[in-house]
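Read through the structure below, which is laid out as structure tokens, and then see the notes.
Number of protein chains: 4
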Amino acid sequence: MSATPEANPRRETLWRIIFLSDTRPGRAFDVALIVLILLSVGTLMLESVDELREAHGRWFSLLEWTLTGLFTLEYLARLWVVRRSWSYALSFFGLVDLVSILPSYLELLVPDTHYLMTFRVLRLLRMFRILKLAEYSGEANVLLNALKASRRKIAVFFMTVMTLVLIEGTVMYVIEHDENAGFRNIPQSIYWAIVTLTTVGYGDVAPVTVLGKMMASVIMLTGFTIIAVPTGIVTQEIGREMRGAVRGPFRRCRECGWQENDPSARFCQQCGTRLEM
Amino acid sequence: MSATPEANPRRETLWRIIFLSDTRPGRAFDVALIVLILLSVGTLMLESVDELREAHGRWFSLLEWTLTGLFTLEYLARLWVVRRSWSYALSFFGLVDLVSILPSYLELLVPDTHYLMTFRVLRLLRMFRILKLAEYSGEANVLLNALKASRRKIAVFFMTVMTLVLIEGTVMYVIEHDENAGFRNIPQSIYWAIVTLTTVGYGDVAPVTVLGKMMASVIMLTGFTIIAVPTGIVTQEIGREMRGAVRGPFRRCRECGWQENDPSARFCQQCGTRLEM
Amino acid sequence: MSATPEANPRRETLWRIIFLSDTRPGRAFDVALIVLILLSVGTLMLESVDELREAHGRWFSLLEWTLTGLFTLEYLARLWVVRRSWSYALSFFGLVDLVSILPSYLELLVPDTHYLMTFRVLRLLRMFRILKLAEYSGEANVLLNALKASRRKIAVFFMTVMTLVLIEGTVMYVIEHDENAGFRNIPQSIYWAIVTLTTVGYGDVAPVTVLGKMMASVIMLTGFTIIAVPTGIVTQEIGREMRGAVRGPFRRCRECGWQENDPSARFCQQCGTRLEM
Amino acid sequence: MSATPEANPRRETLWRIIFLSDTRPGRAFDVALIVLILLSVGTLMLESVDELREAHGRWFSLLEWTLTGLFTLEYLARLWVVRRSWSYALSFFGLVDLVSILPSYLELLVPDTHYLMTFRVLRLLRMFRILKLAEYSGEANVLLNALKASRRKIAVFFMTVMTLVLIEGTVMYVIEHDENAGFRNIPQSIYWAIVTLTTVGYGDVAPVTVLGKMMASVIMLTGFTIIAVPTGIVTQEIGREMRGAVRGPFRRCRECGWQENDPSARFCQQCGTRLEM
Numbered sequence: 016m017s018a019t020p021e022a023n024p025r026r027e028t029l030w031r032i033i034f035l036s037d038t039r040p041g042r043a044f045d046v047a048l049i050v051l052i053l054l055s056v057g058t059l060m061l062e063s064v065d066e067l068r069e070a071h072g073r074w075f076s077l078l079e080w081t082l083t084g085l086f087t088l089e090y091l092a093r094l095w096v097v098r099r100s101w102s103y104a105l106s107f108f109g110l111v112d113l114v115s116i117l118p119s120y121l122e123l124l125v126p127d128t129h130y131l132m133t134f135r136v137l138r139l140l141r142m143f144r145i146l147k148l149a150e151y152s153g154e155a156n157v158l159l160n161a162l163k164a165s166r167r168k169i170a171v172f173f174m175t176v177m178t179l180v181l182i183e184g185t186v187m188y189v190i191e192h193d194e195n196a197g198f199r200n201i202p203q204s205i206y207w208a209i210v211t212l213t214t215v216g217y218g219d220v221a222p223v224t225v226l227g228k229m230m231a232s233v234i235m236l237t238g239f240t241i242i243a244v245p246t247g248i249v250t251q252e253i254g255r256e257m258r259g260a261v262r263g264p265f266r267r268c269r270e271c272g273w274q275e276n277d278p279s280a281r282f283c284q285q286c287g288t289r290l291e292m
Numbered sequence: 016m017s018a019t020p021e022a023n024p025r026r027e028t029l030w031r032i033i034f035l036s037d038t039r040p041g042r043a044f045d046v047a048l049i050v051l052i053l054l055s056v057g058t059l060m061l062e063s064v065d066e067l068r069e070a071h072g073r074w075f076s077l078l079e080w081t082l083t084g085l086f087t088l089e090y091l092a093r094l095w096v097v098r099r100s101w102s103y104a105l106s107f108f109g110l111v112d113l114v115s116i117l118p119s120y121l122e123l124l125v126p127d128t129h130y131l132m133t134f135r136v137l138r139l140l141r142m143f144r145i146l147k148l149a150e151y152s153g154e155a156n157v158l159l160n161a162l163k164a165s166r167r168k169i170a171v172f173f174m175t176v177m178t179l180v181l182i183e184g185t186v187m188y189v190i191e192h193d194e195n196a197g198f199r200n201i202p203q204s205i206y207w208a209i210v211t212l213t214t215v216g217y218g219d220v221a222p223v224t225v226l227g228k229m230m231a232s233v234i235m236l237t238g239f240t241i242i243a244v245p246t247g248i249v250t251q252e253i254g255r256e257m258r259g260a261v262r263g264p265f266r267r268c269r270e271c272g273w274q275e276n277d278p279s280a281r282f283c284q285q286c287g288t289r290l291e292m
Numbered sequence: 016m017s018a019t020p021e022a023n024p025r026r027e028t029l030w031r032i033i034f035l036s037d038t039r040p041g042r043a044f045d046v047a048l049i050v051l052i053l054l055s056v057g058t059l060m061l062e063s064v065d066e067l068r069e070a071h072g073r074w075f076s077l078l079e080w081t082l083t084g085l086f087t088l089e090y091l092a093r094l095w096v097v098r099r100s101w102s103y104a105l106s107f108f109g110l111v112d113l114v115s116i117l118p119s120y121l122e123l124l125v126p127d128t129h130y131l132m133t134f135r136v137l138r139l140l141r142m143f144r145i146l147k148l149a150e151y152s153g154e155a156n157v158l159l160n161a162l163k164a165s166r167r168k169i170a171v172f173f174m175t176v177m178t179l180v181l182i183e184g185t186v187m188y189v190i191e192h193d194e195n196a197g198f199r200n201i202p203q204s205i206y207w208a209i210v211t212l213t214t215v216g217y218g219d220v221a222p223v224t225v226l227g228k229m230m231a232s233v234i235m236l237t238g239f240t241i242i243a244v245p246t247g248i249v250t251q252e253i254g255r256e257m258r259g260a261v262r263g264p265f266r267r268c269r270e271c272g273w274q275e276n277d278p279s280a281r282f283c284q285q286c287g288t289r290l291e292m
Numbered sequence: 016m017s018a019t020p021e022a023n024p025r026r027e028t029l030w031r032i033i034f035l036s037d038t039r040p041g042r043a044f045d046v047a048l049i050v051l052i053l054l055s056v057g058t059l060m061l062e063s064v065d066e067l068r069e070a071h072g073r074w075f076s077l078l079e080w081t082l083t084g085l086f087t088l089e090y091l092a093r094l095w096v097v098r099r100s101w102s103y104a105l106s107f108f109g110l111v112d113l114v115s116i117l118p119s120y121l122e123l124l125v126p127d128t129h130y131l132m133t134f135r136v137l138r139l140l141r142m143f144r145i146l147k148l149a150e151y152s153g154e155a156n157v158l159l160n161a162l163k164a165s166r167r168k169i170a171v172f173f174m175t176v177m178t179l180v181l182i183e184g185t186v187m188y189v190i191e192h193d194e195n196a197g198f199r200n201i202p203q204s205i206y207w208a209i210v211t212l213t214t215v216g217y218g219d220v221a222p223v224t225v226l227g228k229m230m231a232s233v234i235m236l237t238g239f240t241i242i243a244v245p246t247g248i249v250t251q252e253i254g255r256e257m258r259g260a261v262r263g264p265f266r267r268c269r270e271c272g273w274q275e276n277d278p279s280a281r282f283c284q285q286c287g288t289r290l291e292m
């Protein structure tokens with residue numbers, strides 16, 4: 016339970032509040048943190064709207080500095096309470112925490128580095144870490160495991176799609192580029208092929224020649240089946256995960272130790288010993 | 016059967032006609048109600064077309080007032096026949112019924128509140144309550160239960176999508192906003208990210224810079240897999256519901272422990288022992 | 016085998032050639048018919064292109080009259096060889112056959128009825144009847160049965176979508192119609208809602224106000240899950256059809272006649288009699 | 016192991032390097048080849064960008080000739096090391112290899128045949144052959160087998176879609192062609208129908224009449240269900256493949272007839288009898 020036994024009690028209490036959610040103040044801290052992160056993301060979003068920045072620039076600036084101050088305090092507190100400061104500082108979340116406060120200070124030295132503050136959005140990922148402890152944990156795990164299990168199949172799928180998109184883009188470039196500015200070079204044509212294959216279809220680039228439209232029709236119709244593939248993969252993996260959660264664990268044989276007997280098996284698959292019910 | 020035993024017979028008969036569909040006049044009332052609701056929604060739709068309103072404004076007005084009158088009568092009748100008027104009046108459907116007649120009267124006092132009549136569209140939901148009693152009940156339940164069972168997984172999915180859309184929108188804003196009015200602020204860029212990730216792709220906002228197009232291509236291709244997730248969830252839950260509806264829970268044999276006897280089985284498939292009912 | 020025993024031999028042979036595909040000339044006739052139908056559809060398509068009609072109008076006309084002549088002969092032959100001419104003439108395919116030759120003759124009397132010839136496209140459906148006899152029969156049946164089994168669920172789904180689209184269209188009309196010609200009336204707004212929910216997203220109508228874009232984002236994101244529903248239904252029904260085809264027939268008990276014992280059952284579910292392996 | 020026993024040792028070593036990946040130099044050759052193919056595809060892509068070609072045309076030319084030289088050497092080496100040169104030269108990959116070097120030389124004789132070099136993109140397919148030997152083999156096979164197994168069902172589906180698209184395109188042509196240049200002939204209207212049914216929705220062609228929009232709404236909504244079909248097919252086939260790959264065929268017990276023993280089981284789950292291997 017206590018991962019920081021030798022720490023002084025105050026530090027340990029603070030550590031528990033900041034890093035865990037198993038106490039009332041710990042949960043309050045988490046909720047407050049999420050609210051502040053959402054607030055800082057919201058400020059960043061609204062500040063990017065010219066009309067709002069011109070009208071309320073002062074308030075945005077004030078809010079931003081207040082939040083930067085609070086996040087700095089939180090960052091220093093985290094550094095203090097963990098036992099190995101460096102390993103936290105160099106962890107993914109440690110770096111995100113640092114990167115989300117640095118740009119505000121950096122702007123005082125180098126102007127126009129304001130945009131780097133957009134990294135603060137990444138702090139939203141912390142929300143998921145907090146969720147992990149909550150009741151959604153099981154559901155999130157099913158989805159995450161399903162995606163993990165689909166990893167390789169989706170990698171193979173993506174390589175196929177990339178090759179397809181390269182070939183289709185090049186063919187469309189050859190067909191269209193003399194009459195259509197949208198296909199004026201191959202990278203642009205590949206962009207079109209991706210927009211088409213994913214069925215997004217902005218329409219900023221579209222074939223104009225008869226041959227181009229025929230080719231595009233073929234691409235769209237074959238794209239149909241290709242789109243079905245990741246859905247098929249993910250659906251099956253989610254199903255496997257869900258069945259795993261429902262069907263219960265395999266049965267272990269006490270005699271030979273074989274661990275993957277069906278939940279419904281009456282005799283061990285490997286040594287034939289009767290399994291206890 | 017009789018949920019209003021002490022009521023006077025006329026009131027009870029009327030209650031049965033209005034709220035149930037198990038008698039001939041009850042079904043006739045339901046059908047008439049659906050027709051009138053569809054008629055009122057149709058009127059509202061056509062009246063919003065400028066040319067039609069200018070040409071036939073009088074008739075629309077007449078039809079609208081007739082329908083408002085009929086719905087008012089129906090509302091008063093409902094209030095009268097139910098035993099607890101207030102609990103009906105404050106129920107979801109009670110409020111929808113009230114809100115669908117109020118705007119017509121309100122317009123006599125306050126002009127331009129006509130648009131509120133659009134709430135009348137909500138009365139269409141009543142169609143589903145009527146359907147519930149009919150043969151489609153089982154099918155609707157399968158879909159509804161599947162969506163209910165998917166609730167949490169879809170909530171986790173939406174949080175992921177929202178975070179993704181925030182990050183993608185911000186990154187595209189940084190890349191594009193100097194050269195593309197479509198990405199002139201972060202909320203607008205997030206709108207683009209949603210339009211892209213859902214593969215709607217209006218094309219009112221589209222990247223113009225080379226880097227922006229590359230980023231957009233990555234977003235579209237990863238979006239591919241992400242789109243597969245809700246389909247996977249819903250497909251699996253529908254499958255589970257359908258299997259459950261068709262077979263019910265399996266029956267376990269006490270003698271041999273076989274767990275997958277059909278719910279309708281009377282003897283164990285595996286050892287022939289009589290199953291307790 | 017012989018469904019027209021009392022007919023004269025020539026008529027019977029012709030009937031077999033025209034209506035069945037179990038002889039060499041029967042298959043040749045089917046192939047020739049498909050080729051002619053595709054040719055006539057192709058002619059119709061190309062003739063609609065202004066440049067081609069102006070350049071080669073004569074040839075199109077000649078080809079069209081030749082094909083009309085051949086189809087007329089075929090229609091008369093069909094009428095002659097079937098035993099009950101009227102029941103063929105009034106059947107779906109009989110009417111399609113008639114309707115596909117009438118417009119050519121009609122045009123001689125009434126000008127500009129040429130467009131009715133587009134009904135000839137429906138003759139393509141005959142291709143599927145021919146396919147039915149071929150090796151694709153099983154595959155087509157799986158898909159057809161799956162869609163049939165999904166019928167009711169999809170009907171419930173469509174009613175939900177229609178209600179949703181009505182409500183969303185009306186809400187967007189209220190939000191956007193003052194500033195956006197694309198939402199100038201409710202039917203137009205509903206058209207937008209359908210274009211958006213199906214993720215087609217032409218972009219001919221798109222929200223321009225901030226509130227409209229926010230509302231549209233919500234509609235797109237919820238549409239995500241809704242799109243998953245028909246895919247889920249169809250996937251599960253195809254799966255059920257495929258399992259049915261693979262898993263083999265249920266086992267029938269010789270003792271009590273119960274027909275739905277699992278293919279793997281060793282004892283009858285209903286009477287406990289041992290099933291023969 | 017040694018497929019070319021009688022060859023001289025040097026030739027055999029080279030054959031092993033070029034065609035297999037089971038030695039260190041063999042893997043190095045494969046990696047180098049993929050890098051060179053990607054480099055040549057990249058060069059082709061960038062050269063198609065006018066600004067880059069004008070600025071760095073010389074370098075592109077140099078790189079292209081170097082790569083053509085290397086690929087020519089590789090092609091000659093392949094011809095030399097294989098036992099049956101002609102059967103390699105006429106195989107799919109042999110032809111792709113030839114076609115990817117010919118255009119460069121052809122351009123010296125006939126100008127403007129440069130575009131044929133786009134065939135070089137096809138060499139990317141070789142990547143998959145290399146992958147086949149690697150750890151992704153199993154995953155790629157599941158996907159490939161699933162698509163193969165779906166072959167016929169998808170063929171039936173495509174015929175349905177083609178017929179539907181022909182009919183829908185013709186109907187929309189009749190409705191729209193007087194008022195909308197986008198539907199000025201039937202092939203163009205069919206292009207629109209494909210763009211709509213696949214939910215790509217560029218928006219370069221969109222209905223403008225009221226009737227056209229109503230018809231388009233019906234097409235989009237029915238298209239919904241139709242899109243679900245290929246996803247359903249592919250999902251089920253991937254599921255079948257995955258189950259098959261994980262478990263193999265079940266084993267049947269000769270004693271009790273239980274048919275669903277795991278492929279790895281040595282004793283029957285149900286009666287404990289030893290299964291024959």
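Chains as they are written, first to last, in the working numbering: chain A, 16 to 292; chain B, 16 to 292; chain C, 16 to 292; chain D, 16 to 292. No residue lacks a Cβ here, since even glycine has one placed at the ideal position from N, Cα and C.
Nearest-angstrom Cα separation, counted from residue j out to residue i
| i | j | result |
| --- | --- | --- |
| M187/A | A231/B | 20 angstroms |
| I182/D | L139/C | 9 angstroms |
| L29/A | N23/A | 10 angstroms |
| Q251/D | N156/C | 16 angstroms |
| L59/A | K228/C | 19 angstroms |
| R26/C | Y90/C | 14 angstroms |
| T240/C | A164/B | 13 angstroms |
| I33/A | I169/B | 29 angstroms |
| L290/A | T288/D | 14 angstroms |
Delimiting residues of the alpha helix (DSSP H) encompassing residue i
| i | result |
| --- | --- |
| F198/C | Looking at the DSSP string, F198/C is not in any alpha helix (DSSP H), and its letter there is neither H nor E. |
| P40/C | R39 to E62 |
| T83/D | D65 to V96 |
| I33/B | P24 to F34 |
Proximity of residue i and residue j at Cβ, strictly below 8 angstroms
| i | j | result |
| --- | --- | --- |
| V220/C | G197/C | yes |
| V171/C | L158/B | yes |
Cross-chain neighbours of residue i in chain C, by beta carbon under 9 angstroms
| i | result |
| --- | --- |
| G184/A | Neighbours of G184/A on chain C: none; closest Cβ ~22 angstroms, over 9 angstroms. |
Within chain D, partners of residue i - CB distance below 8 angstroms
| i | result |
| --- | --- |
| Y217/C | G216, Y217, G218 and A221 |
Interface residues of chain A facing residue i [CB-CB closer than 9 angstroms]
| i | result |
| --- | --- |
| T250/B | T246, T250, I253 and G254 |
| S115/D | The contacting residues do not exist; S115/D stays about 12 angstroms from chain A at best. |
Contacts that residue i makes with chain B (C-beta to C-beta distance below 7 angstroms)
| i | result |
| --- | --- |
| Y206/A | K228 and S232 |
Self-check item: Start-end ranges of the alpha helix (DSSP H) lying completely within the segment 156 to 227 of chain D, minimum 4 residues
Solution: Runs of the alpha helix (DSSP H) lying entirely within the segment 156 to 227 of chain D, each at least 4 residues long, are 201 to 212 in chain order.
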